[in-house]
Structures are given as C-alpha cells and as structure tokens.
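Below is one structure, written out as structure tokens, with a few remarks after it.
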Amino acid sequence: MAGTGDIHLRDNALLRVKDLNVRFPVSGGRVVQAVSGISFDIMKGETLGLVGESGCGKSTTGRAILQLPKPNSGEVVFDGVDLTELSPNELRRQRTALQMIFQDPISSLNPRRRIADVVAEPLRVWGPSDRREQQLKVEAMLEAVGLDPAAKNRRPHEFSGGQCQRISIARALVLEPKLIICDEPVSALDVSVQAQILNLLEDLKVQYELTLVFVAHDLAVVKNISDRVAVMYLGKICEVADPDELYVRPAHPYTELLLGSSPVPDPNHPLDREMVAGGELPSPTNPPSGCRYRTRCERADEQCAVLEPQLRQVREGHFVACHHPLVDVPVSLGETRVAVG
Ligand SMILES: Nc1ncnc2c1ncn2[C@@H]1O[C@H](COP(=O)(O)OP(=O)(O)OP(=O)(O)O)[C@@H](O)[C@H]1O
Ligand code: SF4
Ligand SMILES: [Mg+2]
Numbered sequence: 105m106a107g108t109g110d111i112h113l114r115d116n117a118l119l120r121v122k123d124l125n126v127r128f129p130v131s132g133g134r135v136v137q138a139v140s141g142i143s144f145d146i147m148k149g150e151t152l153g154l155v156g157e158s159g160c161g162k163s164t165t166g167r168a169i170l171q172l173p174k175p176n177s178g179e180v181v182f183d184g185v186d187l188t189e190l191s192p193n194e195l196r197r198q199r200t201a202l203q204m205i206f207q208d209p210i211s212s213l214n215p216r217r218r219i220a221d222v223v224a225e226p227l228r229v230w231g232p233s234d235r236r237e238q239q240l241k242v243e244a245m246l247e248a249v250g251l252d253p254a255a256k257n258r259r260p261h262e263f264s265g266g267q268c269q270r271i272s273i274a275r276a277l278v279l280e281p282k283l284i285i286c287d288e289p290v291s292a293l294d295v296s297v298q299a300q301i302l303n304l305l306e307d308l309k310v311q312y313e314l315t316l317v318f319v320a321h322d323l324a325v326v327k328n329i330s331d332r333v334a335v336m337y338l339g340k341i342c343e344v345a346d347p348d349e350l351y352v353r354p355a356h357p358y359t360e361l362l363l364g365s366s367p368v369p370d371p372n373h374p375l376d377r378e379m380v381a382g383g384e385l386p387s388p389t390n391p392p393s394g395c396r397y398r399t400r401c402e403r404a405d406e407q408c409a410v411l412e413p414q415l416r417q418v419r420e421g422h423f424v425a426c427h428h429p430l431v432d433v434p435v436s437l438g439e440t441r442v443a444v445g
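Position in the sequence shown (first residue = 1) + 104 = the numbering used here.
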C-alpha cells in the first residue's frame, strides 16, 4: 500500500478525499490548476478547517466534494460511497446528506421568497409530502437557528446579514445532513455578529451530530472552531495539524508566513495577495515546479525546484509537505505516509 503518492487514509472516515484534481480551462488554451492532487479525510463529528490565501482552491475543494462540478479526477468517498461514480440521480439523493453554506448570506437567498419557502425548498423534493409536516419542520429549524418562527412569512431583505446567515443555516439543516461545508460563513458579517454565528454552528454541530468543513481566510476563526486545520497553497495542502500545535509550532514556511501576517486576527481584513509578504502568488495556470511555494520561500534550494515535497509526519497528527521544515523530523516519523495529504 505504501509508495510514492500512496496515502494511508482512515477506513472509517465519514469523508475521504483522495488525489482530488480540479482544472478550469481559461482563455488562450491555458488551464487553471485550482486543486492539484489533494487528499484528506474527516471523521464523523470532526471539524476540519481549510485555510489559505485568496485563490488557493478552498471553495473549489468544497464544491468538488459536492461534485459541483465533478472533479477532473480523484475519489470523494462519503459514507462509503464514491460520489464521483454516481449517476446524476443517485448523486442528487446522496447530496441531501451534504450541504453547503456560503459566504454572502444575503445574495444566496432568493429575495422574492418568504423565508418559510426558502427553508422548505429542499423539503419539497426530499422531505415529507405532507405540507403541514413540512411547515412544522421549517418552524423547528427556524427556532433551532435562533429565529422566531412567527417571522416565517417575511422576506430575506427584512433581515440583517447575521439573520440571513441563520436562514441559510436553517435551509442547510432542514434535510438533516451529515456533513456541512461552511465556505467562509462569517467573512461577510460584522465582527459583533461573527461570534454569534460561530457559536450557533458549534451548538448545532453537537445537537445534530454534524461533521464540518470550515473554510476561512482567518486563522483565528479556524483555530477556534476546528479539530484539525489544513493549510492550502496554490491548489495543494502543505500542512495539517491540530490547531494548538499548528499555531505554536508551524512546520511549513508558508504557515509561518500566514501566522506572521495575522498578528491581530481581524476577520474583516482577511489575508489576500497584497497583505501576504514574501512575493506574488504565482499563476495557477503555470505553478512552479517542485514545491509550489518555492518562489516565495527563503529556505528554497535546488531540491525544492525539482522534487515535489510529499506530506510527512513531524509529530503525532502533524503533517507537513516541505523538504526543509521548521521543526525537526524524528527519524521514526519522517518516512511515514500520511492520514491526510
Ligand atoms: N469557474 C472557474 N473558472 C476558472 N477559474 C476558476 C473558476 N473557479 C475558480 N477558479 C480559479 O481557481 C482558483 C481557486 O479558486 P477558489 O475560488 O477555489 O479559491 P479560494 O481559495 O476559495 O479563494 P477565495 O479565498 O478568494 O474565495 C483561482 O485561481 C480561481 O481564479
Ligand atoms: S519544500 Fe523548499 S521551497 Fe517548499 S516550503 Fe519547503 S523549503 Fe520552502
Ligand atoms: Mg473561496
């Protein structure tokens, strides 16, 4: 089983993504390599934070899990079923167990519909056929996300951004999914509201036994909500660790840079290309050979230009893809292939 490119993923994971590739053709015959051979898994009840600067492939990864669109290659095994192999009908049925929450709650809600209908929409296809039962379910969901069910006949524009995100969460929850991909769910909200939504997600996670993928620019947000954090750079995962470990002992130069770039985490000013020091983000249509981070890395040498670093374990549960990591690699762990890659 072990060998170059082989990765030991846990058999009992709820979600197992293996060697996922997503490419987008763009003008001039070029191809954006948005996600390049990433692998990771998530156990039931776990929250995986996915962090990295703009354009590194976080949202594409989230959408590829849902097969929106289908990835160019790779496996997405959810609850034992490889979603990439399903027919459109089978996929639609499976997808009821996987939901996504987006960054901009207001634009993701249809302004012309009453919020009761917005939340009930997934039930029309997959829920109980009885309308009364559907309504009761909608009211219970609104209550669960902290909204007054009596407001169910109002339309989205009558609610604040935070309340709209609560409505989106209610819609995502109404089919009782197992996994929710939260794509920067608080980035567009006022700082004062962000903590409320994060607390709500944490409460709902326990109440509904959810598993979460939590995408964010902001390292502080990811730290607080995640059981593990995966750092992405230019379509690849470069480090994975428990947040406490990652923040105290980053092993990848890019993670160190991200931490240094965010001394006072401010979710209103997410990391972007301008804020991150250490040079320009290379084009995803023509990523550097070897290690993709090498054009910005002070530790880069010839090896980094010719050999792509594979994730390896530097401490229990802490993996890094770097030839010259910032921490010592114990000999006993250095050659270990990884559970997340
Ligand atoms: N439909 C598309 N067509 C062409 N290129 C795309 C498409 N969707 C994404 N990309 C490109 O793929 C790369 C990854 O984009 P993605 O949206 O996944 O990044 P991200 O990490 O979510 O960024 P952000 O933090 O800004 O949301 C970027 O270079 C982006 O421009
Ligand atoms: S592999 Fe080389 S270039 Fe890449 S992060 Fe490590 S030291 Fe830097
Ligand atoms: Mg995104």
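Ideal Cβ placement from N, Cα and C applies to all residues, glycine included.
{"Asked": "Touch test, the segment 341 to 356 against the segment 403 to 411, Cβ-Cβ under 8 Å, three pairs minimum", "Found": "no"}
{"Asked": "Contact set, ligand 1 heavy atom to C-beta under 5 Å", "Found": "Phe128, Val136, Ala138, Ser158, Gly159, Cys160, Gly161, Lys162, Ser163, Thr164 and Pro388"}
{"Asked": "C-beta atoms of Cys401 and Pro413 nearer than 7 Å", "Found": "no"}
{"Asked": "Closer than 6 Å: Pro413 CB and nearest ligand 2 heavy atom", "Found": "yes"}
{"Asked": "Residues near Glu360 by beta carbon distance below 7 Å, same chain, minus five either side", "Found": "Pro354 and Leu430"}
{"Asked": "Cα-Cα separation between Leu187 and Asn303, rounded to whole angstroms", "Found": "31 Å"}
{"Asked": "Presumed contact (8 Å Cβ cut-off) between Gly266 and Ile301, rounded CB distance", "Found": "6 Å"}
{"Asked": "CB of Cys268 within 7 Å of CB of Ile205, strictly", "Found": "no"}
{"Asked": "Cα-Cα separation, Leu195 to Asn116", "Found": "21 Å"}
{"Asked": "Met245 vs Val278 beta-carbon contact at 7 Å", "Found": "yes"}
{"Asked": "Bounding residues of the beta strand (DSSP E) (the contiguous stretch that carries Val319)", "Found": "Thr315 to Ala320"}
{"Asked": "Expected contact under 8 Å - CB spacing of Val290 and Val325 to nearest Å", "Found": "6 Å"}
{"Asked": "Nearest to Arg120 (by Cα), restricted to the options Asp145, Ala138, Gly132 and Val130", "Found": "Asp145"}
{"Asked": "Any non-hydrogen atom of ligand 2 within 6 Å of Pro357 CB", "Found": "yes"}
{"Asked": "CB of Gln207 within 7 Å of CB of Ala292, strictly", "Found": "yes"}
{"Asked": "Rounded Cβ spacing between Arg270 and Val249 (contact assumed at less than 8 Å)", "Found": "4 Å"}
{"Asked": "Ile205: first and last residue of the uninterrupted beta strand (DSSP E) it sits in", "Found": "Leu202 to Ile205"}
{"Asked": "Rounded separation between Arg332 and Val130 - CA only", "Found": "34 Å"}
{"Asked": "Pro72 (DSSP reduced to helix, strand or coil)", "Found": "The structure shown does not extend to residue 72, since the chain is modelled only from 105 to 445, so the question has no answer here."}
{"Asked": "Cβ-Cβ distance between Ile284 and Leu323 below 7 Å", "Found": "no"}
{"Asked": "Residue(s) in a DSSP beta bridge with Asn125", "Found": "Ser140 and Ser177"}
{"Asked": "Closest by C-alpha distance to Glu157, when choosing among Asn193, Ala138, Gly132 and Val310", "Found": "Ala138"}
{"Asked": "Residue burial classification, Ala254 (beta-carbon count within 10 angstroms, cutoff 16)", "Found": "exposed"}
{"Asked": "Chain-order list of residues whose beta-carbon lies under 7 Å from that of Gly161 (same chain, five-residue window excluded)", "Found": "Ala138, Val139, Met336 and Gly339"}
{"Asked": "Cβ neighbour criterion (16 or more within 10 Å) applied to Arg235", "Found": "exposed"}
{"Asked": "C-alpha distance - Leu362 paired with His321, whole-angstrom precision", "Found": "10 Å"}
{"Asked": "Run of the alpha helix (DSSP H) containing Leu246, from where it starts to where it stops", "Found": "Arg235 to Ala248"}
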